[in-house]
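Following: one structure in structure tokens, then a few remarks.
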Amino acid sequence: MNRKRVMVAMSGGVDSSVAAALLKEKGYEVVGVTMKLFDLPPEYCHLENLRRCCGWRAAEDANRVATFLGIQHFVVDLRKEFEEKVISDFCQEYARGRTPNPCIRCNKYLKFNTLMARAEKLGADYLVTGHHARIEYDAKKKRYLLKKGVDKEKDQSYFIYLLNQAHLRRILMPIGHLTKEEVREIARKKGLPVTERVESQEICFIPDNDYPGFLRQRIPEAFKPGPIVGFDHKILGKHKGIAYFTIGQRRGLGIAASHPLYVLEIRAEKNEIVVGQNENLYKKKFIASKIHLTSLEKIDGPFSLKAKIRYKHREADSRVVPLGSGKMEVEFKKAQRAITPGQSVVFYEGQIVVGGGLIERVLS
């Protein structure tokens with residue numbers, strides 16, 4: 009009987025390394041692959057602590073783990089695809105006054121679409137990732153369900169809501185039922201060389217978190233000075249470019265006021281930043297576009313779900329109403345702070361990821 013072959017997306021981190029080790033232990037024929045996504049500036053490329061998916065040390069760490077496990081390891085050059093599908097969209101969204109989530113697009117277009125195709129060429133039965141999420145088959149519904157990872161603090165289901173049924177039947181997520189500490193303990197017991205590797209919290213292609221510096225080179229039009237206005241349209245100050253701001257931001261406004269001011273809205277067409285008090289940030293309703301259903305086949309009418317409007321947001325009770333043309337109206341039971349156009353909203357029913365979409369505009 010032939011062994012099942014799997015291709016593991018290896019970032020050089022402990023999660024994907026343990027995923028590879030667990031499947032090898034179960035008798036699978038394991039092949040590792042690391043994505044080369046972006047060329048970092050020379051001053052960053054050789055930093056000792058720069059270990060992320062597009063840093064050279066990530067591929068080096070992944071190769072060390074592969075050698076330790078005795079499996080083949082390849083590096084695939086996806087820089088062109090990453091530029092077209094992720095970075096270009098990232099810049100366009102900021103130019104429109106929106107705040108995108110590039111990790112979600114990277115997961116869809118690169119990690120799952122492109123790597124899935126590479127896995128098929130390699131004759132792999134499954135693509136494996138180190139995501140903290142779970143995939144289960146519901147025999148009654150005859151559908152694969154995407155579920156939250158067991159570790160509530162590390163659950164990554166928000167980032168992969170764009171998976172479809174074709175993806176889910178060909179993907180394995182071996183660590184989704186483990187906590188992060190359990191993953192590290194397995195790595196320690198197996199002696200994996202990346203056991204204590206620190207996780208990066210930054211976007212991989214902006215290593216120093218200097219968004220303006222990165223964007224200024226690509227979308228200079230988003231750095232034209234313009235007015236900062238209040239609710240009454242009164243000009244309160246001047247900004248140096250809309251790309252410096254996101255909804256809910258307080259720092260960097262440069263306005264002297266008797267109370268703290270926050271960014272409430274970014275009007276790219278007028279090159280305006282609208283500010284107000286913290287309580288003005290709380291809203292209940294918004295329109296979501298590009299709706300994608302992950303685990304459910306369809307939503308015909310009003311439906312009660314939990315909704316999460318950014319990764320660190322605590323999901324809240326909501327009512328969703330299909331509007332047609334891939335759009336939904338979402339209304340929270342209680343107002344939520346800083347609903348941000350460009351971010352993704354993801355819907356949950358208990359542990360199950362129902363689907364999600366892009367926050368298009370907030371309704372007053």
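First residue of the sequence shown? That's 9 in the numbering used here, and the numbers climb one at a time after it.
A virtual CB, placed ideally from N, CA and C, is assigned to each residue, including glycine.
None of these values were measured; they are calculated from a predicted model.
Quick one: grab the DSSP three-state call for residue 27.
-> helix
Return the residue from the list 331, 364, 320, 368 that minimises the CA-CA distance to residue 160.
-> 320
May I have a chain-ordered list of the alpha helix (DSSP H) segments no shorter than 4 residues that lie completely inside the stretch 280 to 312?
-> none
Quick one: residues in its chain with C-beta nearer than 7 Å to the C-beta of residue 113, no 5 flanking neighbours on either side, listed in chain order?
-> 93, 94, 97
Strand pairing of residue 164, partner residues [DSSP] | In the DSSP output, where bridge partners are listed per residue, residue 164 has none listed.
Using only alpha-carbon positions, find the residue among 32, 47, 76 that is nearest to residue 20.
-> 76
Residue 328 to residue 368, Cα distance in whole Å?
-> 14 Å
Would you kindly report the start and end of the unbroken beta strand (DSSP E) that includes residue 235?
-> 234 to 237
Would you call the CB atoms of residue 176 and residue 154 closer than 8 Å?
-> yes
Name the DSSP bridge partner or partners of residue 369?
-> 295
Does the ligand GTP have even one heavy atom less than 7 Å from the beta-carbon of residue 15?
-> Among the components of this structure there are no ligands whatsoever, and the ligand GTP is therefore not found.
Helix, strand or coil for residue 110 per DSSP?
-> helix
For residue 187, which three-state DSSP category applies?
-> coil
Limits of the alpha helix (DSSP H) - the one that residue 181 falls within = Segment: none, residue 181 is in no alpha helix (DSSP H) and carries neither H nor E.
Roughly how many whole angstroms lie between the Cα atoms of residue 373 and residue 371?
-> The displayed coordinates of the chain run from 9 to 372. Any statement about residue 373 would go beyond what the structure contains.
Is it true that the CB of residue 273 sits closer than 8 Å to the CB of residue 103?
-> no
From residue 41 to residue 124, what does the alpha carbon distance come to, in whole angstroms?
-> 11 Å
Under a three-way DSSP split, which group does residue 173 fall into?
-> helix
Taking the alpha carbon of residue 178 as the point to measure from, which residue in 216, 283, 346, 133 has its own alpha carbon closest?
-> 133
Does the beta-carbon of residue 343 have 16 or more other beta-carbons within 10 angstroms, so that it is buried, or is it exposed?
-> exposed
Assigned secondary structure, residue 253 (DSSP; H/G/I helix, E/B strand, else coil) | coil
Give the secondary structure of residue 227 by DSSP, where H, G and I count as helix, E and B as strand, and everything else as coil.
-> coil
With distances taken between CB atoms, is the gap from residue 214 to residue 244 smaller than 8 Å?
-> no
Check whether the stretch 345 to 352 touches the stretch 286 to 295, taking contact to mean three or more Cβ pairs, one atom from each stretch, closer than 8 Å.
-> yes
Who pairs with residue 85 in a beta bridge, going by DSSP?
-> 44
Length of the line joining the Cα atoms of residue 23 and residue 284 = 42 Å
Extent of the continuous alpha helix (DSSP H) to which residue 128 belongs | 123 to 129
Any idea what DSSP makes of residue 363, helix, strand or coil?
-> strand
Cβ-based neighbour list, residue 188, same chain, cut-off 6 Å, excluding 5 preceding and 5 following = 159, 162
Count the other CB atoms within 10 Å of the CB of residue 365; is the residue buried (16 or more) or exposed (fewer)?
-> buried
Work out the CA separation of residue 110 and residue 335 for me, nearest whole Å.
-> 21 Å
Spatially closest choice to residue 332 from 253, 18, 309, 302, by CA coordinates = 309
Among 278, 184, 170, which residue has its Cα nearest to the Cα of residue 353?
-> 170
Beta-carbon separation (whole angstroms), residue 253 vs residue 271, contact threshold 8 Å | 5 Å
Rounded separation between residue 66 and residue 205 - CA only = 10 Å
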